[in-house]
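A.B. asks: This is the structure I want to talk about, given as structure tokens.
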């Protein structure tokens, strides 16, 4: 299985602290060494950094560790291959454009024997480039959303649609995922996903994967709100809330929405 | 105007030498300082590195200079903004998926007052995320290709289609571009575009933008073929062929195709 990391904020925030611990899980403190990726929404665009080297020794991870990119929505993924070989085409997060918005998706789990009705074949608007079940599920969700809405609906309507599509896929295996269009971040839990909501008064946090501490009070303003979502808690002195099986949460502006 | 760089090869090749000269044009040896990007097709996937900092002092450019990524198709772009603010959403190369293939596009020029018929509005399959004429032109071309073909046609058929779509757009301004689906690289010239074809016997090349020399005989095999395309020649001791106004060339396997 893979490792997921998401961040949703009400003000552009860098993820250097969380990534410092997270990237070690790709070959150092954990075995997930089949490539990794991180995607940042910034302003009205986004950029994705990918590498098929383990994140613990990737030059691209080294850049991300040292380049404090400020973003309101981040999705990162460390891969332990279940379906599809180790290659760039199979590296999460996956990205597509729908309604003039960038969409990003990363998956931890395994969808087995998806029925033919989930195929994205010739003629489908969104088709996978690689060979993973994850990218197939993402494309299938976007195809259905594109059929239902010719333009971006409001968040409540979108959430209802994503929830219904998620339920259809989740019956076919393990389907922990993070999905974002740059404003909201959707998180679905099949087995393992935790979140923490940070807001004033800010405290000191200590990483679980490295002996690194940060005092958030020094790097925030009183209005900042940050939600962090991860497969396993990233810090060992904060209260992380476990998500339950089948739960879909939506984060917007650093808080739970809806 | 912007600076374009493309590379098409018959074997995965790193672009470190060419990029060493090219990246200096973003703020050092030239004025194009409104962001930059480079995209590499690798194996069956691709990855795009973007930054809105000038390439001459971008941490992402520093990574690309020092990480010899081997690729058969590369497109890079340094931006001098004409339409659209300096932001990630307006940074080339642009990327979309069509027929299960990644497509990349970068543009040097300015398309002014594109008629309504070129708009990619609500309901269009491909829509721009940013505000540039360049991304609009790319989306319009992909919308037309998607209408014409439900799956990827052969290269000759694709070239005919791209040529016709290019002619429609080129009447509306300056339209130097590089376009690739990972197998072929299309290059269109309105004003400035040069190419060089490298094959055995390989010689020594010297950059025009820096006092750097490489002996290609030391880093190639006799079967290697590499095509490099750029807004201005990157080396000062090789024979670069200027493209002519309205010319569309297709490079495949490091040579001219068709």
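Residue numbers (the working numbering), protein chains in the order written: chain A, 1 to 258; chain B, 259 to 516.
C-beta: ideal position from N, C-alpha, C; glycine also.
Small disclaimer: the values here were computed from a predicted structure and weren't measured.
With DSSP as the reference, label residue 298 of chain B as helix, strand or coil.
C.D. replies: Here residue 298 of chain B sits in strand by DSSP.
A.B. asks: In or out: residue 469 of chain B buried (at least 16 other Cβ within 10 Å) or exposed?
C.D. replies: The residue in question, residue 469 of chain B, is exposed, as its Cβ has fewer than 16 Cβ neighbours within 10 Å.
A.B. asks: Per the contact definition of three or more C-beta pairs closer than 8 Å, is the segment 36-53 of chain A in contact with the segment 94-113 of chain A?
C.D. replies: Output reads yes: the segment 36-53 of chain A touches the segment 94-113 of chain A.
A.B. asks: When you compare the CB of residue 290 of chain B with every CB in chain A, is at least one pair closer than 8 Å?
C.D. replies: No, because no Cβ of chain A sits closer than 8 Å to the Cβ of residue 290 of chain B.
A.B. asks: Taking 8 Å as the threshold (beta carbon to beta carbon), is residue 140 of chain A in contact with chain B?
C.D. replies: It does not; no Cβ of chain B falls within 8 Å.
A.B. asks: Between the segment 268-275 of chain B and the segment 242-249 of chain A, are three or more C-beta pairs nearer than 8 Å?
C.D. replies: The segment 268-275 of chain B, when compared against the segment 242-249 of chain A, does not touch it at the 8 Å Cβ threshold.
A.B. asks: Within the same chain, show all residues whose beta-carbon is closer than 7 Å to that of residue 386 of chain B, passing over the 5 residues directly before and after it, in chain order.
C.D. replies: Here the set comprises 378, 393, 394 and 397.
A.B. asks: Counting only the same chain and skipping the five closest in sequence on each side, list residues whose C-beta sits under 8 Å from that of residue 389 of chain B.
C.D. replies: Cβ within range, chain order: 341, 342, 343, 347 and 348.
A.B. asks: Against chain B, which members of the segment 68-94 of chain A pass a CB distance test of less than 8 Å?
C.D. replies: Under the 8 Å Cβ criterion, the segment 68-94 of chain A contributes 87, 88, 89, 90 and 91.
A.B. asks: Which partner residues does residue 284 of chain B have in the DSSP bridge list?
C.D. replies: B:289, per the DSSP bridge assignment.
A.B. asks: Which residue spans inside the segment 356-408 of chain B form an unbroken alpha helix (DSSP H) run of at least 4?
C.D. replies: Listed in chain order, they are 391-406.
A.B. asks: With distances taken Cα to Cα, identify the nearest neighbour of residue 71 of chain A among A:224, A:195, A:36 and A:233.
C.D. replies: Of the listed residues, the one whose Cα sits closest to residue 71 of chain A is A:224.
A.B. asks: Does DSSP put residue 323 of chain B in a helix, a strand or coil?
C.D. replies: Helix at residue 323 of chain B.
A.B. asks: Going by DSSP, name the residue or residues bridged to residue 3 of chain A.
C.D. replies: Note: residue 3 of chain A sits in a beta bridge opposite A:78.
A.B. asks: Interface residues of chain B around residue 60 of chain A at Cβ under 8 Å?
C.D. replies: 321 and 325, listed in chain order.
A.B. asks: Using a Cβ cut-off of 7 Å, pull out every chain A residue sitting near residue 300 of chain B, in sequence order please.
C.D. replies: Near residue 300 of chain B (Cβ distances below 7 Å), the residues of chain A are 88.
A.B. asks: Mind checking if residue 57 of chain A is an interface residue toward chain B, Cβ cutoff 8 Å exclusive?
C.D. replies: For residue 57 of chain A, the answer is no, since every Cβ of chain B falls outside 8 Å of its Cβ.
A.B. asks: Using a Cβ cut-off of 7 Å, which residues of the segment 466-477 of chain B contact any Cβ in chain A, in chain order?
C.D. replies: Hits within the stretch: zero.
A.B. asks: Should residue 150 of chain A be flagged as near chain B, meaning a C-beta pair shorter than 8 Å?
C.D. replies: Yes, contact with chain B.
A.B. asks: Rounded C-beta distance between residue 143 of chain A and residue 126 of chain A? I'm assuming under 8 Å.
C.D. replies: Their Cβ separation, rounded to whole angstroms, is 5 Å, which keeps residue 143 of chain A and residue 126 of chain A in contact under 8 Å.
A.B. asks: At a cut-off of 7 Å, is residue 40 of chain A close to the ligand ATP when judged by its beta-carbon and the heavy atoms of the ligand?
C.D. replies: For the structure depicted, the ligand ATP is absent and the ligand set is empty, with no information on it obtainable.
A.B. asks: Check the Cβ-Cβ distances between residue 360 of chain B and every residue of chain A, and say whether any is below 8 Å.
C.D. replies: At least one chain A Cβ lies under 8 Å of residue 360 of chain B.
A.B. asks: If contacts are defined as beta-carbon pairs under 8 Å, then residue 492 of chain B and residue 486 of chain B qualify, I think. What distance do you get, rounded to the angstrom?
C.D. replies: Contact flag correct, Cβ pair sits at about 7 Å.
A.B. asks: What did DSSP end up calling residue 497 of chain B once you bin it into helix, strand or coil?
C.D. replies: Correct three-state label for residue 497 of chain B: coil.
A.B. asks: In or out: residue 405 of chain B buried (at least 16 other Cβ within 10 Å) or exposed?
C.D. replies: The residue in question, residue 405 of chain B, is exposed, as its Cβ has fewer than 16 Cβ neighbours within 10 Å.
A.B. asks: May I ask you to report which of helix, strand or coil DSSP gives residue 221 of chain A?
C.D. replies: Note: residue 221 of chain A maps to coil in three-state DSSP.
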